[in-house]
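Participant: Protein sequence lines, in the order shown, are assigned to chains W and R. The numbering of the first sequence is this note's numbering, which starts it at 9 and goes up by one. The numbering of the second sequence is this note's numbering, which starts it at 39 and goes up by one.
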Amino acid sequence: MLTRYIARRLLLLVPVVFGVTLLVFFSIHLVPGDPARSFLGDRATPTAVAALHREWGLDRPVWVQYWLFVKRLLHGDLGHSLFYQASTVSLLKSDLPVTLLLLLYGAAFAVAIALPLALLAALRPDGVVDQAVRAIGVVGLGMPGFWVGTMLILLLALDAGLFPVAGYGEGFGQHLRSLVLPGLTVALSVAPILIRSLRQGMIAALNSDYVAFARAKGAGPATVLLRYGLRNAAIPAVSVLGVNIGFLVGGTLVIENVFALPGLGSLMVQSILNRDFPVVQGITLVFALLVVLVYLLTDVAYALLDPRVRLG
Amino acid sequence: MSTPSLELVPVAPTTRRARRRRLPPSLIAGLAILGVIVLLAILAPLVTSYSPTQQDLNDVLASPGGRHLLGTDELGRDVWSRLVYGARTDLRVAFLAVLAPFAIGTVLGALAGYFGGWLDAIIMRVADVVVAFPFYVLVLLLVFVLGPGSGSIVIAITAVSWVSYTRIVRGETLVARSQEYVLAAKVGGLGNLRVILRHILPNVITQAIVFAMSDIVLDLLAIVTLGYLGLGVRPPTPDWGDMMASGQQFLSTHWELTTIPGLAVALTGLGLSLLGDGLADALRPE
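(1) Does Y174/R have its Cβ less than 8 Å from a Cβ in chain W?
(2) Would you say V242/R and V207/R are within 8 Å of each other, going by their C-beta atoms?
(3) Using 8 Å as the Cβ pair cut-off and three pairs as the minimum, do the region 148–168 of chain R and the region 20–37 of chain W touch?
(4) Please decide whether A56/R counts as near chain W, where near means a Cβ-Cβ distance under 8 Å.
(5) Can you tell me which residues form a DSSP beta bridge with A214/R?
(6) What do you get for M151/W, buried or exposed, if any count of 16 or more other CB atoms within 10 angstroms of its CB means buried?
(7) Kindly indicate the opening and closing residues of the alpha helix (DSSP H) around F182/R.
(8) Within 8 Å, do at least three Cβ pairs link the region 255–272 of chain R to the region 147–161 of chain R?
(9) What does DSSP give as the partner residues of D314/W in its beta bridges?
(10) Return the residue from the list G143/R, L221/R, A214/R and A159/R that minimises the CA-CA distance to V198/R.
(11) Who are D116/R's beta bridge partners in DSSP?
(12) Could you pull the DSSP bridge partners for G103/R from this structure?
(13) In terms of residues, what are the limits of the alpha helix (DSSP H) holding W75/W?
(14) Can you confirm whether L146/R, when its beta carbon is compared against all beta carbons of chain W, has any partner nearer than 8 Å?
(15) Once DSSP output is grouped into helix, strand and coil, what is the label at S89/W?
(16) Counting only C-beta atoms, is P152/W closer than 8 Å to chain R at any point?
(17) Considering only residues of the same chain and omitting the five flanking positions on each side of T158/W, which have a CB-CB separation below 7 Å?
(18) Between Y266/R and H237/R, which are expected to be in contact by the criterion C-beta below 8 Å, what is the C-beta distance as a whole number of angstroms?
(19) Is the region 233–242 of chain W in contact with the region 196–213 of chain W, if contact means three or more CB pairs nearer than 8 Å?
(20) Could you work out which residues of chain R lie near P286/W, taking near to mean beta carbons separated by less than 7 Å?
(21) Look up S216/W in the DSSP assignment and say whether it is helix, strand or coil.
(22) Does S284/R get closer than 8 Å to chain W when you measure Cβ to Cβ?
(23) In chain R, which residues lie less than 7 Å from N265/W when you measure between Cβ atoms?
(24) Would G309/R and G68/R be called neighbours here (beta carbons separated by less than 8 Å)?
(25) How would you label N96/R, buried or exposed, when you count the other beta carbons within 10 angstroms and need 16 or more for buried?
(26) What is the DSSP secondary structure of S89/R, counted as helix, strand or coil?
(27) Considering just the uninterrupted stretch of the alpha helix (DSSP H) at V169/R, what are its terminal residues?
(28) Please list, in chain order, the chain W residues whose beta carbon lies closer than 7 Å to that of L178/R.
(29) What is the DSSP secondary structure of S95/W, reduced to helix, strand or coil?
(30) Does the Cβ of I160/R have 16 or more other Cβ atoms within 10 Å, making it buried, or fewer, making it exposed?
(31) Would you mind telling me which residues of chain R sit closer than 8 Å to I161/W, beta carbon to beta carbon, in chain order?
(32) Whole-angstrom Cβ separation of G279/R and L264/R, contact assumed at under 8 Å?
(33) Anyone know if the C-beta pair for L127/W and L233/W falls short of 8 Å?
(34) Hey, does L259/R have any beta-carbon neighbour from chain W nearer than 8 Å?
(35) With DSSP as the reference, label M151/W as helix, strand or coil.
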């Protein structure tokens with residue numbers, strides 16, 4: 009049953025992945041004017057522009073270009089960055105770990121922040137804690153992530169000197185320390201969403217018959233909360249985190265720039281400023297495939313945890 | 039034998055007016071906050087005494103107070119002026135960036151839900167592809183392709199966020215399509231266009247409006263973030279994101295340059311969120 013569910017889910021991915029490659033490929037044709045000239049600048053000679061046209065394949069018919077793009081993609085070739093004089097794939101390979109580590113950090117911090125707050129809020133719906141948590145969430149959602157990051161730098165790095173102001177450091181230990189503030193920043197922007205759904209799940213769980221039964225047979229409040237409430241609220245929370253992976257990725261992308269971290273987000277913004285097409289296209293593609301993959305894993309995990317999904 | 043009496047119990051005269059709920063407090067608070075900000079933005083020339091772009095290299099990085107209410111930036115421009123004119127820029131772009139996807143997304147959602155079939159299939163498959171990209175990644179790609187500037191920002195955000203409106207309105211339309219009042223309208227001989235415009239849209243649009251109010255907060259943040267990354271509204275047009283980016287270099291000595299525009303964004307975001315929550319409460323059917 010599960011294999012059939014996964015197979016069906018994979019089949020649904022085919023048109024999405026096809027569309028993603030199509031959109032990424034055709035984005036270069038949306039550029040007003042000539043993308044090669046926009047990279048080389050106004051003073052480029054016609055020969056140089058023509059050479060870049062050949063390099064990017066812009067002198068071939070569009071459908072041939074797309075076919076070549078997909079063919080190269082299947083061979084793991086995302087083109088060549090003219091700015092860095094390196095293959096796009098090698099650039100992505102060196103920067104991807106930073107981004108993935110920051111994503112993990114952010115997700116872990118977000119859960120660590122959201123879980124206790126959601127539990128406290130769900131204990132007394134509309135109580136003082138609940139209202140305070142909700143108010144902080146509303147205020148927090150209106151704050152730009154990069155600004156929150158800057159304020160954390162101001163308070164915890166510049167004034168208190170607890171963490172490095174920016175950069176990634178040398179060695180794994182320093183990496184971990186350098187990522188604390190960025191991770192916290194990413195987490196703070198996702199936490200309100202996570203708290204909201206965890207709280208709702210907890211309240212629904214605590215009002216259910218099985219919790220009433222557990223209470224009736226004498227289970228203590230802590231047992232009820234953790235064994236019965238949390239367990240059942242955790243499933244939707246995991247999927248909320250999965251569904252919001254795009255939000256999380258967007259957060260890391262911006263926050264990397266605040267803390268000058270050598271990840272894909274910084275590389276993307278730099279390459280946009282350099283007008284380096286292959287790199288921007290490559291990063292866009294990687295991020296989209298990452299999101300699609302996480303959606304898939306979320307759905308499969310959900311189906312594993314909840315049999316109703318795969319039977320329905 | 040007494041039969042169960044069916045006599046009318048005198049009902050208290052609950053007129054419509056008496057039953058109408060009071061306005062939610064968050065709606066009032068949100069309106070108040072936003073009202074002040076919008077008013078300041080509209081009256082910008084009246085409430086500022088310096089031009090937002092006028093540089094004064096003899097008076098750079100002045101502290102708040104004194105001749106300049108909130109001080110000056112690294113080029114000697116008045117921070118208060120830039121803040122107020124920045125509200126003009128960012129609110130205008132945010133408004134357009136929510137209006138366009140709202141209109142386009144609603145139309146596509148109503149068409150997809152009402153007609154179904156291949157039209158529905160095409161629209162929803164395209165939506166699936168757009169959703170596969172993280173919001174910021176696709177917006178950055180499109181701004182990159184179209185070049186910086188407020189027009190590109192509006193187009194980029196529209197191209198990404200129409201999907202949410204389409205999904206919401208499509209779902210609501212699917213429900214409304216089989217309701218009796220719609221069937222009655224169809225049997226009555228009304229054309230498809232008239233049924234959609236007069237009978238379906240008015241009933242499905244509430245959810246889209248409620249979503250738009252939370253969407254505009256995200257759009258405002260996106261606009262400011264693009265400005266911060268150097269990909270937003272073109273300088274010297276004042277923009278809160280650009281103000282924070284240039285203030286960051288002076289964080290250790292002039293932290294107010296970064297803090298003040300951030301607080302302006304947060305306050306605007308709060309006002310919009312409260313307004314959205316209040317509106318959702320007020321529009322929710324009893």
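Here a beta-carbon is modelled for each residue, glycine too, at the ideal position from N, C-alpha and C.
Facilitator: Quick answer:
(1) yes
(2) yes
(3) yes
(4) Because the pLDDT of A56/R is 47, which lies under 50, any placement of that residue in the model is unreliable, and the question is left without a value.
(5) Beta-bridge pairing links A214/R to no other residue.
(6) Answer is buried; the Cβ neighbour count reaches 16.
(7) F173 to L184
(8) no
(9) In the DSSP secondary-structure assignment, D314/W is not bridged to any residue.
(10) G143/R
(11) Within the DSSP bridge table, the entry for D116/R names T110/R as partners.
(12) H106/R
(13) V70 to L82 is the extent of the alpha helix (DSSP H) around W75/W.
(14) no
(15) Assignment of S89/W by DSSP, reduced to helix, strand and coil, places it in the strand class.
(16) Chain R, which has a Cβ nearer than 8 Å to the Cβ of P152/W, makes this yes.
(17) Once the five neighbours on either side are set aside, the close Cβ partners of T158/W are V266.
(18) That pair is no contact at about 45 Å.
(19) Yes, the region 233–242 of chain W is in contact with the region 196–213 of chain W.
(20) Within chain R, no residue comes near P286/W; the closest Cβ sits about 12 Å away, beyond 7 Å.
(21) coil
(22) no
(23) L267
(24) yes
(25) exposed
(26) coil
(27) G155 to A170
(28) M276 and I280
(29) strand
(30) Taking all protein chains shown into account, I160/R has fewer than 16 neighbouring C-beta atoms within 10 Å of its C-beta and is therefore exposed.
(31) The answer, in chain order, is L289.
(32) 7 Å
(33) Yes. Within cutoff.
(34) yes
(35) coil
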